[in-house]
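**Student:** Quick note on UniProt numbering: the sequence shown kicks off at 1 and runs consecutively.
Please find one structure pasted underneath; my questions will follow.
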Amino acid sequence: MVAPIQGKLQLKSSFKSVRTIESIYTGGKSDVTRDDKLLVTTVGEDLEVTDLSNGKRVARLAGDSEIVTTFAIKPDGKHLVSASRSLSIKVWDMNTFTTVRSFKGHEAPVIVMDIDPTSTLVATGSADSTVKVWDIEKGYCTHNFKGHGGVISALKFHPDKGRLHLVSGSDDCTIRVWDLMSRKCLAVLESHVSVIRGLDFSHDGLQLISGSRDKVVNVWDLKKYKLKRTLPIYETLETVGIIKENTEFKESSIPNGRQYFYTAGDKGLIRLWDFETGKMVHSQKPEQNSKHTLVDVIYSAESQTLAAVTNDQNILVYDIPSGLKRVRQIVGYNEEVIDLAYLGDDESHLAVATNSEQIRVFDLEKFDCNILYGHSDIVLCMDERRDAGFFVSGSKDNTARIWSVDLDAEDAEDKFKCIGTCVGHTEAVGAVAISRKSTKFVITGSQDRTIKCWDTSDLDFENPDDNYKPHAMYTFKAHEKDINSVAVAPNDKFFATGSQDKTAKIWNAEDGQLVATCNGHKRGVWCVQFSPVDQVLATSSGDKTIKIWSMTDFTCLKTFEGHTNSVLKVSFLTSGLQLASCASDGLVKIWTIKSNECVSTLDNHTEKVWALKVRSDEKFITTGGADSVINIWEDFTEADKEKLLAEQEETLLKEQDLANYLVKKDYRNAIVLALSLNQPKRLLSIFIEVINNRAEGDESITGAAAIDDTLAELSNEQLETLLTYIRDWNTNAKQSPVAQAVLNAILRAYTSEQLLEVKNIKELLDGILPYTERHFHRVDQLITNSYIMDYTLHSMDLFSPAGMEVMETEE
Numbered sequence: 001m002v003a004p005i006q007g008k009l010q011l012k013s014s015f016k017s018v019r020t021i022e023s024i025y026t027g028g029k030s031d032v033t034r035d036d037k038l039l040v041t042t043v044g045e046d047l048e049v050t051d052l053s054n055g056k057r058v059a060r061l062a063g064d065s066e067i068v069t070t071f072a073i074k075p076d077g078k079h080l081v082s083a084s085r086s087l088s089i090k091v092w093d094m095n096t097f098t099t100v101r102s103f104k105g106h107e108a109p110v111i112v113m114d115i116d117p118t119s120t121l122v123a124t125g126s127a128d129s130t131v132k133v134w135d136i137e138k139g140y141c142t143h144n145f146k147g148h149g150g151v152i153s154a155l156k157f158h159p160d161k162g163r164l165h166l167v168s169g170s171d172d173c174t175i176r177v178w179d180l181m182s183r184k185c186l187a188v189l190e191s192h193v194s195v196i197r198g199l200d201f202s203h204d205g206l207q208l209i210s211g212s213r214d215k216v217v218n219v220w221d222l223k224k225y226k227l228k229r230t231l232p233i234y235e236t237l238e239t240v241g242i243i244k245e246n247t248e249f250k251e252s253s254i255p256n257g258r259q260y261f262y263t264a265g266d267k268g269l270i271r272l273w274d275f276e277t278g279k280m281v282h283s284q285k286p287e288q289n290s291k292h293t294l295v296d297v298i299y300s301a302e303s304q305t306l307a308a309v310t311n312d313q314n315i316l317v318y319d320i321p322s323g324l325k326r327v328r329q330i331v332g333y334n335e336e337v338i339d340l341a342y343l344g345d346d347e348s349h350l351a352v353a354t355n356s357e358q359i360r361v362f363d364l365e366k367f368d369c370n371i372l373y374g375h376s377d378i379v380l381c382m383d384e385r386r387d388a389g390f391f392v393s394g395s396k397d398n399t400a401r402i403w404s405v406d407l408d409a410e411d412a413e414d415k416f417k418c419i420g421t422c423v424g425h426t427e428a429v430g431a432v433a434i435s436r437k438s439t440k441f442v443i444t445g446s447q448d449r450t451i452k453c454w455d456t457s458d459l460d461f462e463n464p465d466d467n468y469k470p471h472a473m474y475t476f477k478a479h480e481k482d483i484n485s486v487a488v489a490p491n492d493k494f495f496a497t498g499s500q501d502k503t504a505k506i507w508n509a510e511d512g513q514l515v516a517t518c519n520g521h522k523r524g525v526w527c528v529q530f531s532p533v534d535q536v537l538a539t540s541s542g543d544k545t546i547k548i549w550s551m552t553d554f555t556c557l558k559t560f561e562g563h564t565n566s567v568l569k570v571s572f573l574t575s576g577l578q579l580a581s582c583a584s585d586g587l588v589k590i591w592t593i594k595s596n597e598c599v600s601t602l603d604n605h606t607e608k609v610w611a612l613k614v615r616s617d618e619k620f621i622t623t624g625g626a627d628s629v630i631n632i633w634e635d636f637t638e639a640d641k642e643k644l645l646a647e648q649e650e651t652l653l654k655e656q657d658l659a660n661y662l663v664k665k666d667y668r669n670a671i672v673l674a675l676s677l678n679q680p681k682r683l684l685s686i687f688i689e690v691i692n693n694r695a696e697g698d699e700s701i702t703g704a705a706a707i708d709d710t711l712a713e714l715s716n717e718q719l720e721t722l723l724t725y726i727r728d729w730n731t732n733a734k735q736s737p738v739a740q741a742v743l744n745a746i747l748r749a750y751t752s753e754q755l756l757e758v759k760n761i762k763e764l765l766d767g768i769l770p771y772t773e774r775h776f777h778r779v780d781q782l783i784t785n786s787y788i789m790d791y792t793l794h795s796m797d798l799f800s801p802a803g804m805e806v807m808e809t810e811e
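This is the structure:
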């Protein structure tokens, strides 16, 4: 194998998608297995099973074309029960992830579900106002409870295995206690004035708490079935639950040895309450500018965590003993991916701007994500300086925020801190760029058509303060329309802007004076990018082209055409010798600048690709688009070249072996090798040579018994290849006798059942036989009625040695 010349740049031509970050939760029910190993979430009509240790998909449980309304996991973890709008209930095996059984449940969709402590029964509450109990193993209904006057909104089995009681809540504002033994309603508990959203039992099982959207939690005595007390929560509740009694709190403000319950709702916070006094003992720390509400909480007694499920499809995990300290964040749905940035010295994290006010920072090595709150409107753009430990984001809230990055911080909340806010634009900030050689300034461009240069030389990384506001060194109107992109030159002397006014402009970074205007695009300029090596600027535009401009005389040097829609981002590759681009056509393209050639098209997005970022070592390219998918593409150019060289080397060795076999007249090995090398001409010459040199009295079909035996031992793939050659040879009058002799040997050696296992056998024989004897039965009849061997015996005698002599005499 020839090694690449040391130091010579290898042009990139092959990238493959090695990882995708996509939606794992689109709203609805979510839960974790009792051992905390698997996360199960609803994704439309399907269920996604994710390994919590690494974030990899374990299984996708395919639905029935209707949205999944709810599901429940058995306490023993062996099965999962799901319900959908199609009214069917499915039981899934959690080892094989296959459907064990399916049956119709109610006359309306199932809204809530709970499984008893023995993992034997599942209770389903429906919009038809009924509660049913099912035997999971056998799939039949054991109980059908009627009495509620509205949609069933909450269900809970009694935790005592010997006490077969089930409690249900409804939007008729009542709670009913059902006895499974007597099949009767033991009590109707009335006090709430809104829909019941949560039910749970006290540690001793003698009291019940209920949470409702009427902003109170009621505590009920289950001996007398009377209301004991009402606790005002001052929040529209979506869930309540009791914390297990063995929980040891490290937070000094939470005394141990008492009974606590949690609540969550429209305030977007998990709060802990003393069960006896009804006083709030702790609340999670609110996130700045967060607008989410909590729709559910997943309580894990095993890991002692509470996972808050937000209405914007995120799952935020809090540690209970430490006082609701955030330990993990899982992003369920990314919406539209608008921009990307690599963070960290080793670029192990990826910051993602989606169609939301939060920035999601994914840990590419673990199943974790930091959600950065601070902006009050959608984040539109980002730029990073990994070596300086900070990045900048621009938003529709008219500000740009500066964030410090400390991935070594112990607390998740300290890894990313806002250390400054650039305030001054009157419209959305759509473009940001940081100085490349220093950290002295940041450039922002806005829909207000102005450029601002911010002094960032005195940023305080040690004592971050998001109230710190850098001052603008200069401000000027730069374009006639929205500014889409800003880029700073590698030497910090210039910066470029691209706008919807169809122009790209180059400015002096020191004083903001206009240096040049690049006219030539027919639509708005979406992206500008300086070469890291050469004095050129790349621009991409809505006119479907990419242009390269000289920084010496500001003329257009190159134009690249190939995308079928607006080119949204462009970036330099391979020390400025190549370009990577993404567009509204959903494609990513790799270009070689010298030849103007598109050397590779990457296709794994279904909608427009807004974001493109090249890792500093150029081993990976990351793209994100309107399809909510982030693709990480790995450079396989070198690997593909090595593979090609290895294949060429192997072919040369086989060619040499084939030549040796022919010299030795080892036709058995020569035929097999010629088939593997895909050399029909060489194979035909072998057969012709053997047939022409047939020994006197030889009774073999092909002229050599060794060849007959070889043809009788071919694999299905080899047979398919050889029959393809025979079909082509048979169309030539000179080659057809040889083709028919080989075909005769094949048909005599294999049964019809064996031949039917060969791929495309009907089409192959249908292409061969009409040239042979047009009066024979049609091939479809032969194959359908298994007459292949009969056909062989009464017709292929023509191609025995005696038959071929007759043919030659007749000719």
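The C-beta atom is built at its ideal place from N, Cα and C for all residues, glycine as well.
As the structure is a prediction and not an experimental result, all values here were calculated from the model.
1. Please state the DSSP three-state secondary structure of F145.
2. Quick one: complete alpha helix (DSSP H) runs, 4+ long, within the region 13–61?
3. Helix, strand or coil, according to DSSP, for D708 in the structure here?
4. Are the beta-carbon atoms belonging to D397 and E427 less than 8 Å from one another?
5. Closest to K493 by CA distance: which of T444, G389, S584, M551 is it?
6. Counting C-beta neighbours from all protein chains within 10 Å, is the total for C141 16 or more, i.e. buried, or is it exposed?
7. Measuring only the C-alpha atoms, how far is S17 from F620?
8. Between G147, D698, T130, K613, which has its C-alpha nearest L343's C-alpha?
9. So what does DSSP say about A496, is it helix, strand or coil?
10. With respect to the alpha helix (DSSP H) encompassing A674, which residues constitute its N-terminal and C-terminal limits?
11. So which of K641, R615, T606, E638 has the shortest CA-CA distance to D627?
12. In this structure, what does DSSP give as the bridge partners for I136?
13. Here's the rule I'm using: 16 or more other beta-carbon atoms within 10 Å means buried, otherwise exposed. How should E773 be labelled?
14. What's the C-alpha gap between K437 and V405?
15. Leaving out five residues on either side along the sequence, give the residues of the same chain with a beta carbon under 7 Å from the beta carbon of Q358.
16. Could you say which of Y468, A472, T539 lies nearest to N484 if we only look at CA atoms?
17. Can you tell me whether H794 is helix, strand or coil according to DSSP?
18. By how many angstroms is the C-alpha of D339 removed from the C-alpha of R523?
19. Is the region 113–123 close to the region 72–81, with three or more CB pairs under 8 Å?
20. At which residue ranges does the region 358–402 contain complete alpha helix (DSSP H) runs of 4 or more residues, listed in the order of the chain?
21. Kindly indicate which three-state DSSP category G576 falls into: helix, strand or coil?
22. What does a CB cutoff of less than 7 Å around S322 pick up in its chain, not counting 5 residues either side in sequence?
23. Just verifying my parser: in three-state terms, what is the DSSP assignment at L645?
24. Within 10 angstroms of the Cβ of P490, are there 16 or more other Cβ atoms? Answer buried if so, exposed if not.
25. Within 10 angstroms of the Cβ of F201, are there 16 or more other Cβ atoms? Answer buried if so, exposed if not.
26. Taking the continuous alpha helix (DSSP H) assigned at S685, which residues delimit it?
27. If you draw a straight line from the alpha carbon of K643 to that of K759, how long is it in whole angstroms?
28. Compare the beta carbon distance of P464 and C418 with 8 Å and say whether it is the shorter of the two.
29. Under 8 Å between the Cβ atoms of K267 and E287?
30. Look up P737 in the DSSP assignment and say whether it is helix, strand or coil.
31. According to the neighbour-count rule (16 or more other Cβ atoms, all chains shown, within 10 Å of its Cβ), is L793 buried or exposed?
32. Please check the pair E655 and F15, which I expect to be a contact at CB under 8 Å, by giving their CB distance rounded to whole angstroms.
33. Which residues bound the alpha helix (DSSP H) around I726?
34. Enumerate, from N- to C-terminal direction, the unbroken beta strand (DSSP E) stretches of 3 or more residues contained entirely within the region 607–637.
35. Spell out the partners DSSP gives N508 in its beta bridges.
36. Rounded to the nearest angstrom, what separates D764 and L658 at their Cα positions?
**Tutor:** Taking the coordinates as given:
1. Under the three-state reduction of DSSP, F145 is assigned to strand.
2. With a minimum length of 4 residues, no continuous alpha helix (DSSP H) run stays inside the region 13–61.
3. Secondary structure at D708: helix, using DSSP grouped into helix, strand and coil.
4. At a Cβ-Cβ threshold of 8 Å, D397 and E427 do not count as neighbours.
5. Checking every option, the nearest Cα to that of K493 belongs to M551.
6. By the neighbour-count criterion, in which a residue is buried when 16 or more other Cβ atoms sit within 10 angstroms of its Cβ, C141 is exposed.
7. A straight-line Cα-Cα distance of about 9 Å links S17 and F620.
8. Here the closest residue by C-alpha is K613.
9. Here A496 sits in strand by DSSP.
10. Its alpha helix (DSSP H) spans residues 667–676.
11. For D627, the nearest C-alpha among the options comes from T606.
12. As far as DSSP is concerned, I136 takes part in no beta bridge.
13. Residue confidence is low: E773 scores 46 on pLDDT, short of 50, so the model does not pin down where it sits. No coordinate-derived value is stated.
14. Between the alpha carbons of K437 and V405 lies a gap of roughly 18 Å.
15. Short of 7 Å from the beta carbon of Q358, and not among the five residues preceding or following it, lie these beta carbons of its own chain, in chain order: I371, L372, Y373.
16. Between N484 and the set Y468, A472, T539, the nearest pair of CA atoms involves T539.
17. Low confidence applies to H794: its pLDDT is 37, below 50, so where it sits in the model is not reliable enough to give any reading.
18. Cα to Cα, the separation comes out at about 21 Å.
19. Yes, the region 113–123 touches the region 72–81.
20. Along the region 358–402, the alpha helix (DSSP H) does not occur as any fully enclosed run of 4 or more residues.
21. It is helical.
22. Result list for S322: K250, E251, in chain order.
23. In the three-state scheme derived from DSSP, where H, G and I count as helix and E and B as strand, L645 is classed as helix.
24. Answer is exposed; the Cβ neighbour count stays below 16.
25. When all chains shown are included, F201 counts as buried.
26. Where S685 is concerned, the enclosing alpha helix (DSSP H) stretches over 680–692.
27. Whole-angstrom Cα-Cα distance: 28 Å.
28. Yes. Within cutoff.
29. In this structure, K267 keeps its C-beta atom at 8 Å or more from the C-beta atom of E287.
30. Residue state, collapsed to three classes: helix.
31. Bear in mind that a pLDDT of 37 at L793, under 50, signals an unreliable position, so the number given afterwards is only what the model happens to contain. L793 comes out exposed.
32. No, E655 and F15 are not in contact; Cβ-Cβ is about 32 Å, not under 8 Å.
33. 716–729 is the extent of the alpha helix (DSSP H) around I726.
34. The region 607–637 contains these whole beta strand (DSSP E) runs: 609–614, 620–625, 630–635.
35. F494, per the DSSP bridge assignment.
36. Contrary to the premise, residue 764 reads as Leu rather than Asp in this sequence. Within the model, the alpha-carbon separation for L764 versus L658 is close to 27 Å.
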